[in-house]
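This report refers to the structure that appears directly beneath it.
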Amino acid sequence: MDAQAIFEKLKGKFGAAVVELQSGSFNPNFVVVDPRSIREICRFLKEDPELRFGSVMCISGVDYKDRFAVAYHLNSMELGHSIGIKAHLPHDNPSIPSVDPVWKAAIYQERETYDLVGIVFEGSCDPNRILLPDDWEGHPLRKDYQYPEHYHGIKI
Amino acid sequence: MSQGPAKRKTKPIKSNIFDVVPAPAELPKNVIQKNIERVRGTCQGGEGFVEVGVADLFINWCRKSSLWYLFYATACCGIELMQGGASKYDFDRFGAVFRATPRQADLLLVCGTISHKMAERVQRLYHQMAEPKWVIAIGACTITGGPFYKDSYCVVKGVDLILPKVDVYVPGCPPRPEAFIDGIMNLQKLIMQTKNFGNKA
Ligand code: SF4
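Protein sequence lines correspond, in order, to chains A and B.
Under the working numbering, the first residue of the first sequence is numbered 2, with each subsequent residue one higher.
Under the working numbering, the first residue of the second sequence is numbered 78, with each subsequent residue one higher.
What follows is the structure, given as structure tokens:
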């Protein structure tokens, strides 16, 4: 199934929650969705017999300075197609429902996105940092991150 | 090191520790003779000479020939270290063997990128090692932060920021196993110059 067909299928099912298709030089093309219904959309993408997106390959956070985005790269090994899902979040208080009930593999990737970009995944079963120490301050991959001088007495 | 004994005009003594244990082939007679140094001391009311120079030599030789190292191998340099320990380069022939416990290791081989999360663990392992202990810093990351020197929030910019001393630096990104061996041999030279007893030079 190509991106256009997936987009139309989602649009038919979820209506206004599916905003637009970003096609062009992206591979895969991205379907922009409303963050509030991300979990239902993801469950549909996984369970629909024509889509069967069994694996979430990558979840990443993007800082656009005025807003954040979370991008999900999905792949169906059975049907051999892939799609990107993107949700835009406000810059103050970025939070989105977690998709770990849909794919277990999402747990680590959401933790990494939280750790480095500071996006909160609501209802996540393990909402902690993964790479940096638990007492680290701030989220280093944000554009406005201020480097601390020291960490536990060690110069940074 | 050598002017001390010469000035005090000690008579060469016949018996030393190598009359009891066989002297290693790399310590020929003249080296042993040169290192003989006696210190005046009292013991149980009597007075006499304690012979320390050769004991120094002997102890240093023991230490440098059994450098068991605790390895902190995190990144690409760690893979190079594995290569050094494997049969082609074979660190074992220097008496240097992998010993993954701080309690029984006397050399800390810091080898790879140190993140701030791991820095405190490295410190703790160093402090758990018994004296005497030595540190070799291997690779650009360990020495300065390497390719992560600029604009990195998570990499420690040099192991000397977290440990009290580093004895030998081995540069490279990654260094070849030959450079590792050179580092170990330099440390061995350093150990052989250590004064454990008597008149510390
Ligand atoms: S110094 Fe170079 S080879 Fe060694 S750990 Fe750092 S990046 Fe890797």
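Quick reminder that beta carbons are idealized off the backbone N, C-alpha and C, glycines included.
Distance CB(residue i)-CB(residue j) smaller than 8 Å
| i | j | result |
| --- | --- | --- |
| residue 104 (chain A) | residue 57 (chain A) | yes |
| residue 145 (chain B) | residue 200 (chain B) | no |
| residue 142 (chain A) | residue 194 (chain B) | no |
| residue 234 (chain B) | residue 156 (chain A) | yes |
| residue 118 (chain A) | residue 140 (chain A) | yes |
| residue 186 (chain B) | residue 213 (chain B) | yes |
| residue 260 (chain B) | residue 216 (chain B) | no |
| residue 108 (chain A) | residue 136 (chain A) | no |
| residue 154 (chain A) | residue 114 (chain A) | no |
Three-way DSSP call (helix, strand, coil) for residue i in this model
| i | result |
| --- | --- |
| residue 38 (chain A) | helix |
| residue 152 (chain B) | coil |
| residue 152 (chain A) | strand |
| residue 278 (chain B) | Because the pLDDT at residue 278 (chain B) is just 46, under 50, the model does not fix this residue reliably, and the point stays unresolved. |
| residue 92 (chain A) | coil |
| residue 78 (chain B) | Annotation note: pLDDT 49 at residue 78 (chain B) (below 50); position unreliable, coordinate value reported separately. Here residue 78 (chain B) sits in coil by DSSP. |
| residue 138 (chain B) | helix |
| residue 187 (chain B) | strand |
| residue 60 (chain A) | strand |
| residue 215 (chain B) | strand |
| residue 89 (chain B) | Per-residue confidence for residue 89 (chain B) stands at a pLDDT of 48, beneath the threshold of 50, marking its modelled position as unreliable; no derived number is given. |
Residue span of the alpha helix (DSSP H) that contains residue i, given as start and end
| i | result |
| --- | --- |
| residue 73 (chain A) | Per DSSP, residue 73 (chain A) belongs to no alpha helix (DSSP H); it is in the beta strand (DSSP E), 68-77. |
| residue 5 (chain A) | 4-15 |
| residue 200 (chain B) | 193-205 |
Start-to-end residues for the beta strand (DSSP E) that takes in residue i
| i | result |
| --- | --- |
| residue 1 (chain A) | No statement about residue 1 (chain A) is possible, as the shown extent of chain A runs from 2 to 157 and does not include it. |
| residue 108 (chain A) | Counting along the chain, residue 108 (chain A) falls outside any beta strand (DSSP E), though it belongs to the alpha helix (DSSP H) covering 107-118. |
| residue 1 (chain A) | In the structure as shown, chain A starts at 2 and stops at 157, and residue 1 (chain A) therefore has no counterpart that could be examined. |
| residue 246 (chain B) | 245-247 |
Touching or not, the region 248-259 of chain B and the region 198-210 of chain B, by the rule of three or more beta carbon pairs under 8 Å?
no
Cβ-based contacts, 8 Å cut-off: residues of the region 132-149 of chain B near chain A
none
For the region 51-82 of chain A, list every residue whose C-beta sits within 8 Å of some C-beta in chain B, in sequence order.
none
Which residues, in order along the region 171-196 of chain B, keep a beta-carbon less than 7 Å from a beta-carbon of chain A?
193, 194, 196
To be precise: take each residue of the region 231-256 of chain B, compare its Cβ to all Cβ atoms of chain A, and keep it if any distance is under 8 Å. Which residues remain?
231, 233, 234, 238, 239
Any 3 or more C-beta pairs closer than 8 Å across the region 40-52 of chain A and the region 60-72 of chain A:
no
Report the residues of the region 119-145 of chain A with a CB closer than 7 Å to any CB of chain B, ordered along the chain.
133, 134, 141
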